[in-house]
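See below for the structure under consideration.
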Amino acid sequence: MPLPPLGDTIAAIATAPGVGAVGIVRLSGPESYAVAERLFAPRSGAPVAALPPGRVVYGRIVDAATDETVDEALLLTFRAPHSYTGEDVLELQTHGGPAVLRRVLDLCTAHGARLAGPGEFTLRAFLSGRLDLVQAEAVLDLVNAQSDSARRNAALGLSKALTEQLGLIQDDITRVYGDIQAVFDYPDEGVPEAAFQAPLERALGRVRGLLSTARAGRVAQRGARLALIGRPNAGKSSLLNALLGYRRSIVSSTPGTTRDYLEAPVDILGVPVTAVDTAGIRDTGDAVEASGVEAAKEIAEHADLGLLLLDSSTPLAPDDRALVGELSPARLLVVASKSDLPPAWDPCAAQRELGVGPVLRVSAATGEGLGALKEAIRERLVGDAGGSALWLTNERHIAALEAVREHLERAKAAPDDLAALDLEDALKTLGELTGRGEVAEETLAHIFANFCVGK
Ligand SMILES: Nc1nc2c(ncn2[C@@H]2O[C@H](COP(=O)(O)OP(=O)(O)OP(=O)(O)O)[C@@H](O)[C@H]2O)c(=O)[nH]1
Ligand SMILES: [Mg+2]
């Protein structure tokens, strides 16, 4: 996948497809003003090519071939290097109908612009040094953010918060690398070993700190799957409905009511979660129910968090104990359901007996404990990063920082000459990450291919 050519003038519809109050066609490149000159007639009569930057100019879009007015529009002017791409940029704001926008775009290409590919404006912003690669990806994340926590993260990335952290890490590694080189060059000067350790530790601490936010970042970006599991009649469907605030799943006193699984999106204190109600798990002769039970186990296995419901109004059964054993403790939250009814067992004793974390008492009927349950779910999904302002959300960033961590850990343990090699690799990886170092063309092409056209 080669990168698109630079230096020509590109055009694209920047607004989402469909009908809207306003639509935007964007031009970037050296010929932007010349292209616009041929299709936009300012009411003032001023020539477009002579317009200063930072203007909003009212006028008409005209098809010169037929002299037809296509639409009335506003033209926004930017001049290199003070624009998104760093090039001459113009934005035409028209009425937001697909036919209008299509026609304006056709006029742009008829007058010398080329249709932009996905992310090409942002690619140019990166290549002109307006954004680093991490910021460019934050633009993509911001556009794609589906939850407020995802948006917040992307905005932080765009604001250089991550770039600055990476810069500090890079500074420390560069310093250590320089000191080690000095030892090679002037072995008699005797730079004390301890001088390397402090910045190396600091860099490693920062890398580890960032990586510790990856789980939360992934959850914020893509959402988490929460599986509600338990024996038939434990109250799973009732709890799902209580979490949602409306009746989504059928509830009945007949065990085995839910036979297939059922998903519903729910916001848990700002964290986007897909809650999955499953069939009650038991041995059953009924083929349909049995396949539901199988599905439930599989869903629990692959969920980010399993909510195991134990009916507090009936004694614990062997099936309950078996379920605890099937799930990894790190991804298990145990709920004593129906807490409004007289208890048949003690949550604290059950916690000890089952060897699980705190057992939360919840009633779907009265809402008791629901707030604490949401807190606990949030804590389990993003808690480890709660204190950090910035979460890693991007898989490329996570993979690169994991590689940097490995290099630094090896450098720490290695003699100087080998440490230097690992530090070199760490710096190279950081350079690829920010895009300030050498980045493979394929990497760039891959990143920008995920953008929409017009961004
Ligand atoms: N008192 C009380 N009853 C509850 C509560 N939650 C559920 N129930 C009752 O328990 C029964 C089973 O509830 P469901 O939500 O259908 O249970 P389930 O775990 O989805 O059951 P299956 O789909 O059969 O696996 C129903 O009669 C509910 O009204 C609760 O918090 N308090
Ligand atoms: Mg059910």
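Here my numbering is used: position 247 in the sequence shown is 298, and no number is missing along the way. Even for Gly, the Cβ is constructed at its ideal location relative to N, Cα and C. Quantities reported herein were computed from a predicted structural model and do not represent experimental measurements.
**OP:** Would you kindly work out how many angstroms separate the C-alpha atoms of R154 and V121, rounded to a whole number?
**Re:** For R154 and V121, the distance between alpha carbons rounds to 8 angstroms.
**OP:** Evaluate R77 with the Cβ neighbour count: other Cβ atoms within 10 Å of its Cβ, from every protein chain shown; 16 or more gives buried, anything less gives exposed.
**Re:** With 16 or more other Cβ atoms within 10 Å, it is buried.
**OP:** For H497, count neighbouring C-beta atoms within 10 Å of its own C-beta (all shown protein chains included) and say buried if the count is 16 or more, exposed if not.
**Re:** Exposed, since its Cβ has fewer than 16 Cβ neighbours within 10 Å.
Subject >> Beta-carbon proximity list for S414, same chain, < 7 angstroms, skipping 5 on both sides >> reply: Same-chain partners within the cutoff: K389, S390, D391 and G420.
**OP:** Note down the Cα distance separating P149 from A315, rounded to an integer number of angstroms.
**Re:** The straight-line gap from Cα to Cα measures roughly 33 angstroms.
Original post:
Mind pulling the alpha helix (DSSP H) runs of 4 or more residues that sit fully within the segment 124-194?
Top reply: For the segment 124-194, whole alpha helix (DSSP H) runs of length 4 or above, ordered along the chain, are 149-161 and 171-178.
**OP:** Under 8 angstroms Cβ to Cβ from N292, same chain only, skipping five residues before and after it: list those, please.
**Re:** R298, R299, S300, V302 and A415.
Original post:
In its own chain, which residues sit with a C-beta less than 7 angstroms from the C-beta of I350, not counting the 5 before and 5 after it?
Top reply: Here the set comprises A278, Y312, V327 and T329.
Original post:
Taking Cβ positions, are T66 and P103 nearer each other than 8 angstroms?
Top reply: Not a contact, by the Cβ cut-off of 8 angstroms.
**OP:** Name the one or two DSSP bridge partners that F91 has.
**Re:** For F91, which the question treats as bridged, DSSP gives the partners I112.
Subject >> Contacts around T325, its chain only, beta-carbon distance under 8 angstroms, and the 5 residues preceding and following it disregarded >> reply: Only G274, A275, R276, L277, E314, A315, P316 and V317 meet the Cβ criterion.
Original post:
Between the segment 156-165 and the segment 56-71, do three or more beta carbon pairs fall short of 8 angstroms?
Top reply: Contact between the segment 156-165 and the segment 56-71 is present, with at least three C-beta pairs closer than 8 angstroms.
Subject >> Integer Cβ distance of V407 from P380, believed to fall under 8 angstroms >> reply: In this structure V407 is in contact with P380, their Cβ atoms being roughly 6 angstroms apart against a cut-off of 8 angstroms.
**OP:** Report the option in E430, E475 and N284 whose CA atom is closest to the CA atom of L367.
**Re:** Per the Cα distances, N284.
Subject >> Chain-order list of residues whose beta-carbon lies under 7 angstroms from that of A265 (same chain, five-residue window excluded) >> reply: Excluding residues within five positions, the ones whose Cβ falls inside 7 angstroms are L443 and I449.
Original post:
Near A206, what residues of its chain come up, given a Cβ to Cβ distance below 8 angstroms and the 5 sequence neighbours on each side ignored?
Top reply: For A206, where only same-chain residues beyond five positions count, the Cβ hits under 8 angstroms are A189 and L193.
Subject >> D334 beta carbon near ligand 1 (any heavy atom closer than 7 angstroms) >> reply: D334: no, Cβ never under 7 angstroms from ligand 1.
Original post:
Where do the ends of the alpha helix (DSSP H) carrying R447 lie?
Top reply: Unbroken alpha helix (DSSP H) run through R447: E446 to A464.
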